[in-house]
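Asks:
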Amino acid sequence: EPEVTQTPSHQVTQMGQEVILRCVPISNHLYFYWYRQILGQKVEFLVSFYNNEISEKSEIFDDQFSVERPDGSNFTLKIRSTKLEDSAMYFCASRAGTAPYNSPLHFGNGTRLTVT
Amino acid sequence: AQKITQTQPGMFVQEKEAVTLDCTYDTSDQSYGLFWYKQPSSGEMIFLIYQGSYDEQNATEGRYSLNFQKARKSANLVISASQLGDSAMYFCAMREGRSNSGYALNFGKGTSLLVTP
Chain A
375 EPEVTQTPSH
385 QVTQMGQEVI
395 LRCVPISNHL
405 YFYWYRQILG
415 QKVEFLVSFY
425 NNEISEKSEI
435 FDDQFSVERP
445 DGSNFTLKIR
455 STKLEDSAMY
465 FCASRAGTAP
475 YNSPLHFGNG
485 TRLTVT
Chain B
4 AQKITQTQPG
14 MFVQEKEAVT
24 LDCTYDTSDQ
34 SYGLFWYKQP
44 SSGEMIFLIY
54 QGSYDEQNAT
64 EGRYSLNFQK
74 ARKSANLVIS
84 ASQLGDSAMY
94 FCAMREGRSN
104 SGYALNFGKG
114 TSLLVTP
């Protein structure tokens with residue numbers, strides 16, 4: 375069964391550094407998402423991406439964050455200058471473009487980001 | 004304001020018993036979807052079941068069923084014949100039908116389920 379893949383599985387970085395989290399969504403999916411989950415807390419929406427542009431973003435997704443689909447397969451999340459509070463599990467997800475209400479999000483296994 | 008409320012932070016159930024995980028939601032949309040996901044200790048998010056706002060029948064997927072009560076805005080997950088492998092966090096989520104949205108899912112805080120022998 376096709377799956378969403380994320381790399382790396384764990385990233386450690388120093389405060390103030392830039393990080394890029396990478397995702398390969400399922401190949402025929404059209405909508406792409408980033409979520410984050412601070413340890414022990416709920417899964418929070420960051421951003422959705424469709425047709426090569428952001429379609430929605432949350433208050434968390436400030437100017438330090440950016441997303442890109444540099445080619446036909448990768449979908450990246452960049453954090454420009456990491457803060458301690460950016461430490462979290464970051465999930466990429468994708469879904470098929472049909473039937474918006476009933477198509478589930480397919481999640482990757484996540485990248486655990488630790489900012490020191 | 005919370006869109007999805009899961010009032011049970013933790014639940015215990017004995018193996019082979021059924022368990023109900025509660026979820027209430029808040030929306031003014033007529034068209035929306037409700038989803039349940041399972042997150043085992045390994046961390047991945049696994050889709051379990053979906054219920055549409057216009058679906059007249061409760062959704063079922065194997066041992067999972069969704070008790071959908073639209074007037075009460077509740078979408079409780081029922082797991083029948085619990086297994087040890089069902090021990091995990093369970094998240095309820097909703098997708099609303101705003102036309103300018105990316106149809107993102109809004110998650111509740113989750114319920115931690117522990118299945119005991």
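Heads up: the sequence lines are chains A and B, in that order. First residue of the first sequence: 375, per our numbering; consecutive thereafter. First residue of the second sequence: 4, per our numbering; consecutive thereafter. Cβ atoms here follow ideal geometry from the backbone N, Cα and C, with glycine treated the same way. The structure displayed is predicted, hence computed values, not measured ones.
Can you name the residues that DSSP bridges to B/F38?
Replies: Its beta-bridge partners are B/Y53, B/A96.
Asks: Does DSSP put B/G13 in a helix, in a strand, or in coil?
Replies: strand
Asks: I'd like to know whether the C-beta atoms of A/A491 and A/Y407 end up nearer to each other than 8 Å.
Replies: A query on residue 491 of chain A cannot be resolved here, the shown segment of chain A reaching from 375 to 490 and no further.
Asks: What are the boundary residues of the beta strand (DSSP E) that includes A/M463?
Replies: 462-469
Asks: Look up A/E459 in the DSSP assignment and say whether it is helix, strand or coil.
Replies: helix
Asks: B/L69 by DSSP, collapsed to three states: which one?
Replies: strand
Asks: Residues of chain A with CB closer than 7 Å to the CB of B/K112, please, in chain order.
Replies: K416
Asks: Under 9 Å between beta-carbons, which chain B residues line up against A/M389? List them in chain order, please.
Replies: Those do not exist, as A/M389 stays about 24 Å from chain B at its closest Cβ, beyond 9 Å.
Asks: Determine the direct distance from the alpha carbon of A/D437 to that of B/S83, and round the result to whole angstroms.
Replies: 46 Å
Asks: What residues match up with A/S429 in a beta bridge as DSSP calls it?
Replies: In the DSSP output, where bridge partners are listed per residue, A/S429 has none listed.
Asks: Taking C-beta to C-beta, are B/D89 and B/L116 nearer than 8 Å?
Replies: yes
Asks: Assign B/Q17 to buried or exposed, taking buried as 16 or more other Cβ atoms, counted over all protein chains shown, within 10 Å of its Cβ.
Replies: exposed
Asks: Beta-carbon separation of B/Q42 and B/T114 under 8 Å?
Replies: no
Asks: Which same chain residues, not among the five before or five after B/K73, have their C-beta less than 8 Å away from its C-beta?
Replies: S56
Asks: Counting only beta-carbon separations shorter than 8 Å, does B/A74 have a partner in chain A?
Replies: With a threshold of 8 Å between beta carbons, B/A74 makes no contact with chain A.
Asks: Using a Cβ-Cβ cut-off of less than 8 Å, give me the residues of the segment 17-36 of chain B that come near chain A, in sequence order.
Replies: S34, Y35, G36
Asks: In chain order, what residues of the segment 424-442 of chain A put their CB closer than 7 Å to some CB of chain B?
Replies: Y424, S429, E430
Asks: Does the beta carbon of B/M48 come closer than 8 Å to any beta carbon on chain A?
Replies: Yes, B/M48 lies at the interface with chain A (some Cβ there is under 8 Å from its Cβ).
Asks: Let me check understanding here. Comparing Cα to Cα, which of A/Q385, A/S401, A/Q391 lies closest to A/A470?
Replies: With distances taken between CA atoms, A/A470 lies nearest to A/S401 out of A/Q385, A/S401, A/Q391.
Asks: Using the beta-carbon count (16 or more within 10 Å), is B/P120 buried or exposed?
Replies: Burial call: exposed.
Asks: Are at least three pairs of beta-carbons, each pair with one atom in the segment 381-388 of chain A and one in the segment 426-437 of chain A, less than 8 Å apart?
Replies: For the pair of segments examined, the segment 381-388 of chain A was found not to touch the segment 426-437 of chain A: the number of CB pairs separated by less than 8 Å stays below three.
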